[in-house]
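Residue numbers (the working numbering): 110 to 425.
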Amino acid sequence: MLPFQVFVAVYELKNFTRAAERLYLTQPAVSGHIQQLEATFGVQLFTRSPRKVVPTAAGEALYARAKRLLAEYDAMVAELERFQASLLGPLHIGASLTVGESVLPRLIGGFARRYPRVDIEVTVGNTEEIVEKVAVGALDVGFVEGRVERAGVERRPWLRDTLALLVAPGDPLADQAEIPVSDLKDRTWIVREHGSGTRAFVERFFAEFGLSPRRRLVFSSNTAVKEAVMSGLGVSLLSRFAARREIAHGELLARPIAGADLARSFDLVWRTGAHTPRAEALFSYARSWAEEADEEGVEERQGERGAAADGERPRA
């Protein structure tokens, strides 16, 4: 109960007891609110007698302003209630495989706790699939790792990612701190399928350095790629997010490639002109979430950050 609400009730009814009845308060509680206002402003607002309560000149001056303040307060409450109502309902999110498996669950965990009235549905696919679903309105927002070039779809860089050359611990390259490109020409490469953002990045890498692998083994999931490398079938370029656990446990070794820039970004994608309040809440939350995230800390630090808080899409 706001003190000004109590003041207006006493002013209009000229009686503390009737004001208490209107507001479902006790008479001492009403008196306490008035005394609080009088102490705050250093003026007497009412003169009291056994029969009536009469506003003082200060009370008369306060009444008009208090009514305006309460009208503004009511309007603010109504606007916030409309906003809260707009956050009630479904939010369809798409993610490329690397983002969907390795990053998005931590982000969504914090977002869901902050916005418990939003019903979240996540679709994971490769980058081309997610972008197409965003373009036709089947998804509200997407998180992708591939380059987005699709009419009607907008993008914004979201989270920095770095790829690493992955080799098995027993691989001949394992003892080298940095791998020359020349050592990769005759190797079997484990790659993702066409349509994957990671596959597109790897193909650009091959073109830039004139690599034409003698053999490629294609898998449609990051898990299968990692298992193939650990089995000694070949080498692969994969996001550090996707391989961080295997790298930490020594099951895979990550090596830089001499002269190669392996950095990229995960992007937010959305259909042009199709922002809902729920999507806007996710955009805002995702941007602040990404400010502290990195390959090593996204799980630990961002998981905690999301739990402590109360809110632009293809597959790799």
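All residues carry an ideal CB built from backbone N, CA and C; glycine is no exception.
The structure displayed is predicted, hence computed values, not measured ones.
- As DSSP reads the structure, S374 sits in a beta bridge with R269.
- The continuous alpha helix (DSSP H) containing H142 extends over residues 136 to 150.
- The residue among F375, A372, E336 with its C-alpha nearest the C-alpha of I356 is E336.
- In the three-state scheme derived from DSSP, where H, G and I count as helix and E and B as strand, R301 is classed as strand.
- R313 carries a helical assignment under DSSP once its states are collapsed to helix, strand and coil.
- S211 places its beta carbon 8 angstroms or farther from that of N235.
- The segment 213 to 231 and the segment 278 to 288 do not touch, with fewer than 3 CB-CB distances between them shorter than 8 angstroms.
- Buried is the label assigned to F116, since at least 16 other Cβ atoms lie within 10 Å of its Cβ.
- Per the C-alpha coordinates, the member of A277, V152, W379 positioned closest to V243 is W379.
- Per DSSP, the continuous beta strand (DSSP E) segment holding R325 begins and ends at 324 to 328.
- In terms of Cβ geometry, L377 and F252 form a close pair [threshold 8 angstroms].
- Annotation: the continuous beta strand (DSSP E) that includes V227 extends over 227 to 234.
- In the structure shown, the three-state DSSP call for T156 is strand.
- Rounded to whole angstroms, the Cβ separation of T297 and L342 is 6 angstroms, and the two are in contact under 8 angstroms.
- Judged by DSSP secondary structure, I288 falls outside any beta strand (DSSP E); it is assigned neither H nor E.
- A Cβ-Cβ contact shorter than 8 angstroms links G168 with Y120.
- Spatial neighbours of A118 in its own chain (CB-CB distance under 6 angstroms, excluding positions within 5 residues in sequence) are listed in chain order as A128, R131, L132.
- At the C-beta level, R349 and A399 stay beyond 8 angstroms of one another.
- When secondary structure is reduced to three states using DSSP, V257 falls in the coil class, being assigned neither helix nor strand.
- Closest in alpha carbon position to G382, among R264, V162, Y172, is R264.
- N331 and M339 have their C-alpha atoms roughly 12 angstroms apart.
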